[in-house]
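Structure first, then comments.
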Amino acid sequence: MDTSSIDFINKEEHKKKTMDLEGPANFETAISYTGFGKFNILVVLVSVIGMCCNMLDTSALSFILPSAECDLGLSSSNKGILNAITYADRIEPNPPYFGESLPGSPDRIEPNPPYFGESLPGSPDRIEPNPPYFGESLPGSPDRIEPNPPYFGDPVPIPGGPEVNDRLSDRDETRGMVCSSGMWGFLSDSFGRWRILVNGYILNGVICVLSSLSQSYEVLLVLRFLVGFVGFGPFAVLATYVAEVHAAPYRASAVMFLGIAFGAMNLLIPGK
Numbered sequence: 145m146d147t148s149s150i151d152f153i154n155k156e157e158h159k160k161k162t163m164d165l166e167g168p169a170n171f172e173t174a175i176s177y178t179g180f181g182k183f184n185i186l187v188v189l190v191s192v193i194g195m196c197c198n199m200l201d202t203s204a205l206s207f208i209l210p211s212a213e214c215d216l217g218l219s220s221s222n223k224g225i226l227n228a229i230t231y232a233d234r235i236e237p238n239p240p241y242f243g244e245s246l247p248g249s250p251d252r253i254e255p256n257p258p259y260f261g262e263s264l265p266g267s268p269d270r271i272e273p274n275p276p277y278f279g280e281s282l283p284g285s286p287d288r289i290e291p292n293p294p295y296f297g298d299p300v301p302i303p304g305g306p307e308v309n310d311r312l313s314d315r316d317e318t319r320g321m322v323c324s325s326g327m328w329g330f331l332s333d334s335f336g337r338w339r340i341l342v343n344g345y346i347l348n349g350v351i352c353v354l355s356s357l358s359q360s361y362e363v364l365l366v367l368r369f370l371v372g373f374v375g376f377g378p379f380a381v382l383a384t385y386v387a388e389v390h391a392a393p394y395r396a397s398a399v400m401f402l403g404i405a406f407g408a409m410n411l412l413i414p415g416k
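Numbering (our numbering), first residue to last: 145 to 416.
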């Protein structure tokens, strides 16, 4: 097959496109002429490695803690805080939904809540095992669950204490790694994505090595917080960088490939 005519057509089309771009062009137009090549493949492969590192940083500790429990003398509360500190900038150690005491009230939320058929504290009524939303209805019966039960939004009154839903809505939310998102967004826009990726991953790697060598709970807690604080920068910038170096026809596929790698690591970590 004679390919000379095809090569000639391709050269003519490329020449025509080049002539069309002699004037100013926006980013999308310029990046579309770069196509998809070895550089794009290399960027995706390196980004997959970075994505896997972030996944290991944030999730592997939960599988290590059972072994570290005896070495560091960790309680259940300590292990929970260590797992959450990577994501949280403020942790409520005794949240009411774990059955802990509500501030200012001696009452507790029972481990077996009303929708499991347990009695409400201070109430002789009992929630039946077959509530109306399972198909049964007893009109005019005050001791039955209404179609909009308390745990779907209505407050549950606790004798001597505040209402559960009010307490949950007023409590401090764990904002996770979002506490550093503003800073990393400013730095990546000011100094460039590539610098944040390289320096962020190097710094995060150093912190991870130090956390693996820590011999006390307090030091490990601080280092795990820094892992989340520092690691969120390159993690957030990574997907943005991958999207920016790909033209529109390939952008969604490249970002989706990162998501596949992230999900695959969720499956591989427990297996190891």
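C-beta: ideal position from N, C-alpha, C; glycine also.
Rounded straight-line distance, which links the Cα of residue j to that of residue i
i    : j    : result
S355 : T178 : 42 Å
G217 : L209 : 11 Å
P168 : V366 : 50 Å
E172 : R395 : 11 Å
F207 : D201 : 12 Å
F330 : G377 : 10 Å
Q359 : Y231 : 22 Å
S211 : L411 : 21 Å
V353 : L364 : 11 Å
S220 : C214 : 12 Å
M379 : W338 : First, the residue type needs correcting, since residue 379 is Phe and not Met in the sequence shown. Going by the C-alpha atoms only, they are around 12 Å apart.
N87  : W328 : A question about residue 87 goes unanswered here, because the residues of the chain that appear run from 145 up to 416.
S332 : I185 : 23 Å
A174 : L357 : 48 Å
S334 : P393 : 28 Å
Closest by C-alpha distance to residue i, when choosing among the options
i    : options                : result
T384 : C197, I340, M409, I346 : I340
S176 : W338, E362, V389       : V389
V342 : V190, N184, F180       : V190
V350 : R368, E362, G336, S360 : R368
W183 : G407, A391, L412, I413 : One point to set straight first is that residue 183 is Phe, not Trp, in the sequence displayed. Selected option, being the one with the closest Cα: A391.
A398 : V187, A174, C196       : V187
N348 : L357, R337, L370       : L370
G407 : C196, N170, A174       : C196
Beta-carbon gap between residue i and residue j smaller than 9 Å
i    : j    : result
M199 : M409 : yes
G181 : L382 : no
N222 : L205 : no
A405 : V192 : yes
G372 : I229 : yes
G336 : G375 : no
Cut-off 7 Å between Cβ atoms - residues of its own chain near residue i, not counting five sequence neighbours on either side
i    : result
G326 : none
G279 : Per-residue confidence for G279 stands at a pLDDT of 49, beneath the threshold of 50, marking its modelled position as unreliable; the derived number appears in the next sentence. Once the five neighbours on either side are set aside, G279 has no close Cβ partner at all.
S203 : I413
Y103 : The requested residue 103 does not occur in the structure, where the chain is confined to residues 145 to 416.
heavy atom of the ligand SAH below 8 Å from residue i C-beta
i    : result
N343 : Summarising the ligand content, the structure contains no ligands, and the ligand SAH is consequently not present.
Sequence-distant residues of the same chain with beta carbon closer than 6 Å to residue i, five excluded per side
i    : result
G403 : none
I346 : none
Interface flag, residue i vs chain D, CB-CB below 9 Å
i    : result
N227 : Given the protein chain composition of this structure (a single chain), no chain D is represented.
Task: Length at least 4, wholly inside the segment 325 to 397: the alpha helix (DSSP H) runs in chain order - done: List check, alpha helix (DSSP H) in window: 325 to 335, 337 to 357, 361 to 388.
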